[in-house]
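K.L.:
Residue numbers (the working numbering): 941 to 1325.
Supplied in structure tokens, the structure appears directly below.
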């Protein structure tokens, strides 16, 4: 029998995050600080709207692009947060999470051999999605001395005549880094000069702790060059509802919707009705959760300083990315031993790219009680090294 599996898929490495959490499931008494999932329940008024939609029998397909009502609310949201207007009928469509939007954008925009610039450490999906779209992923190594922000100079160093897309993953998973308006203006200048396009993944845009999030689409000349990707999982604690969206030029949206049409049909109808409620009346919920995350963020940074773990201060998402270089072991070895000896699971930095070596990712999307118990175990482990 011939090999039934395509070589392109076989050559893609599985997620480095899941490897550890398969082990965690079998480790009695383990504490996990690894999964980027809010520990809050979806706010009741949002859940109620989902329940109500079921009670009313709204279990039909929506249009491929999503409920018109939801697309209008997304347009209103971007207008009030970034002062940028999108046509809800032509420039916005609803996806199954932000991850689908990333995949669709790459498949719709690249031809075989086009280069995609991917700053790393970053979310695990960008590189494999680029490969599956027959693009060539080109890594830009983010540096701690720059607070893991992307610089215009770093982009210029990697641009070639084959470069088509720059992925902009900020606020960043796993580092928590954010980009200022000045940072984005410098990047935009390079993007326009080199005639590039941007896929801006802003799923953590509501979770910033040192001023409001700035999107690159708010920089003059960038809306027409950018696919803005966002969703409901992180800000509204709606991970299981599987809902995201993409905004961008109509010419690109049409092709993304076409792929979505054949692969997915439409995002879950119940989730879409709940998301309308989230955007209309969820600002206070987001504010409450953001304040809780910020409290946990400050707690972890203080604990790291106390126990002698070096970590730059992140201002976005709900992750910290401390350095473990001084312990003389790889990130994978550190995390494996920590799980085995203290039953504490964190993620090796290499799960987010080779340049994550020497770091670990810790999520603070967990209760303070869990974080306090985890820090006791981490301190005990470090004291033995």
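No residue lacks a Cβ here, since even glycine has one placed at the ideal position from N, Cα and C.
Starting from residue 1171, trace the beta strand (DSSP E) both ways and give me its first and last residue.
P.N.:
As a working note, residue 1171 is residue 231 in the chain shown. Segment 1166-1171, the beta strand (DSSP E) holding residue 1171.
K.L.:
Express the C-alpha separation of residue 1261 and residue 1298 in angstroms, rounding to a whole number.
P.N.:
The residue given as residue 1298 occupies position 358 in the chain shown. The residue given as residue 1261 occupies position 321 in the chain shown. Spanning the two alpha carbons is a distance of roughly 10 Å.
K.L.:
Per DSSP, which one or two residues make a beta bridge with residue 1186?
P.N.:
Locating residue 1186 in the chain shown gives position 246, where the first residue counts as 1. Looking at the DSSP assignment, residue 1186 forms a beta bridge with 1033 and 1169.
K.L.:
Do residue 1127 and residue 1105 have their CB atoms nearer than 7 Å?
P.N.:
Taking the chain shown and counting its residues from 1, the one referred to as residue 1127 is at position 187. Taking the chain shown and counting its residues from 1, the one referred to as residue 1105 is at position 165. The answer is no: Cβ separation not under 7 Å.
K.L.:
Residues in the same chain with beta-carbon distance under 6 Å from residue 1194, minus the five sequence neighbours each way, listed in chain order, please.
P.N.:
What you label residue 1194 is simply residue 254 of the chain shown in a count that begins at 1. Nothing meets the Cβ criterion.
K.L.:
Could you tell me which residues DSSP puts in a beta bridge with residue 1077?
P.N.:
Residue mapping note: residue 1077 aligns to position 137 of the chain shown, counting from 1. The partner list for residue 1077 (beta bridge, DSSP) reads 1056.
K.L.:
Could you give the residue range of the alpha helix (DSSP H) that holds residue 1321?
P.N.:
As a position in the chain shown, residue 1321 is number 381, starting the count at 1. From DSSP, the alpha helix (DSSP H) with residue 1321 extends over 1308-1323.
K.L.:
Would you tell me roughly how many angstroms separate the C-alpha atoms of residue 1149 and residue 1256, rounded to the nearest one?
P.N.:
By 1-based counting over the chain shown, the position of residue 1149 is 209. By 1-based counting over the chain shown, the position of residue 1256 is 316. In a straight line, the C-alpha of residue 1149 is about 6 Å away from that of residue 1256.
K.L.:
Based on DSSP bridge pairs, tell me the residues matched to residue 1100.
P.N.:
Taking the chain shown and counting its residues from 1, the one referred to as residue 1100 is at position 160. Bridge partners of residue 1100: none, in fact.
K.L.:
If we call anything under 7 Å between Cβ atoms a contact, is residue 1209 one with residue 1002?
P.N.:
In the chain shown, counting from the first residue as 1, residue 1209 sits at position 269. In the chain shown, counting from the first residue as 1, residue 1002 sits at position 62. Result yes, Cβ atoms of residue 1209 and residue 1002 sit closer than 7 Å.
K.L.:
Can residue 1159 be considered in contact with the ligand PLP, in the sense that its beta carbon sits closer than 6 Å to one or more heavy atoms?
P.N.:
By its list of ligands, the structure shown contains no ligand whatsoever, and the ligand PLP lies outside what it can speak to.
K.L.:
Look at the alpha carbon of residue 1050 and the alpha carbon of residue 1206, and state the distance between them as a whole number of angstroms.
P.N.:
If you number the chain shown from 1, residue 1050 lands on position 110. If you number the chain shown from 1, residue 1206 lands on position 266. Going from the Cα of residue 1050 to the Cα of residue 1206 covers about 23 Å.
K.L.:
Pull up the DSSP beta-bridge partners for residue 1105, would you.
P.N.:
By one-based count along the chain shown, residue 1105 stands at place 165. Residue 1105 pairs with 1056 and 1137.
K.L.:
Among residues of its own chain, excluding the 5 on either side of residue 981, which ones have a beta-carbon nearer than 7 Å to its beta-carbon?
P.N.:
Here residue 981 refers to the residue found at position 41 when the chain shown is read from its first residue. Excluding positions up to five away in sequence, the list reads 1177.
K.L.:
Just to confirm the assignment, what range does the beta strand (DSSP E) spanning residue 1301 have?
P.N.:
By 1-based counting over the chain shown, the position of residue 1301 is 361. Per DSSP, residue 1301 belongs to the beta strand (DSSP E) from 1300-1303.
K.L.:
Would you please state the rounded distance, in angstroms, between the beta carbons of residue 976 and residue 961? I believe it to be under 8 Å.
P.N.:
Indexing the chain shown from 1 puts residue 976 at position 36. Indexing the chain shown from 1 puts residue 961 at position 21. Actually they are not in contact, since the Cβ atoms of residue 976 and residue 961 sit about 11 Å apart, beyond 8 Å.
K.L.:
What residue does the alpha helix (DSSP H) around residue 1276 start on, and which one ends it?
P.N.:
On the chain shown, position 336 is the one that residue 1276 refers to. That run of the alpha helix (DSSP H) goes 1271-1282.
K.L.:
Give me whichever residues DSSP pairs with residue 1259 in a beta bridge.
P.N.:
Counting from one through the chain shown, the residue named residue 1259 turns up at place 319. Answer is 1303.
K.L.:
Which class does residue 986 belong to by DSSP, given the choice of helix, strand or coil?
P.N.:
Stepping through the chain shown from its first residue, residue 986 is reached at position 46. Three-state DSSP puts residue 986 in a helix.
K.L.:
Consult DSSP for residue 1068 and reduce its assignment to one of helix, strand or coil.
P.N.:
For this step, residue 1068 is matched to residue 128 along the chain shown. Helix, per DSSP.
K.L.:
Quick check: the Cα distance between residue 979 and residue 1155, rounded to an integer number of angstroms?
P.N.:
By 1-based counting over the chain shown, the position of residue 979 is 39. By 1-based counting over the chain shown, the position of residue 1155 is 215. So the two alpha carbons sit approximately 26 Å from each other.
K.L.:
Should residue 1052 go down as buried or exposed, given a rule of 16 or more other Cβ atoms within 10 Å for buried?
P.N.:
Stepping through the chain shown from its first residue, residue 1052 is reached at position 112. Looking at its Cβ environment, which holds fewer than 16 other Cβ atoms inside 10 Å, residue 1052 is exposed.
K.L.:
Count the other C-beta atoms from every protein chain shown that fall within 10 angstroms of the C-beta of residue 965, then say buried if there are 16 or more, exposed otherwise.
P.N.:
Translated into the one-based positions of the chain shown, residue 965 becomes position 25. When all chains shown are included, residue 965 counts as exposed.
K.L.:
Just confirm the distance between the C-beta atoms of residue 1116 and residue 1254, as a whole number of angstroms; I'd bet it's less than 8 Å.
P.N.:
Mapped onto the chain shown, residue 1116 falls at position 176. Mapped onto the chain shown, residue 1254 falls at position 314. So it is a contact: roughly 2 Å between Cβ atoms.
K.L.:
Hey, quick one: how far does the alpha helix (DSSP H) through residue 1226 stretch, first residue to last?
P.N.:
Within the chain shown, residue 1226 is the residue found at index 286, counting from 1. It spans 1223-1247 - the alpha helix (DSSP H) in which residue 1226 sits, taken as one unbroken run.
K.L.:
My output table needs one value for residue 1287: the three-state DSSP class, helix, strand or coil.
P.N.:
The sequence position of residue 1287 within the chain shown is 347, counting from 1. Correct three-state label for residue 1287: strand.
K.L.:
Just to confirm before moving on: does the CB-CB distance between residue 1046 and residue 1080 stay below 7 Å?
P.N.:
Here residue 1046 refers to the residue found at position 106 of the chain shown. Here residue 1080 refers to the residue found at position 140 of the chain shown. No; because the gap between Cβ atoms is not below 7 Å, this pair is not in contact.
K.L.:
Residue ranges of each beta strand (DSSP E) run of no fewer than 3 residues wholly in the stretch 1115-1161, ordered along the chain?
P.N.:
Correct list: 1137-1141.
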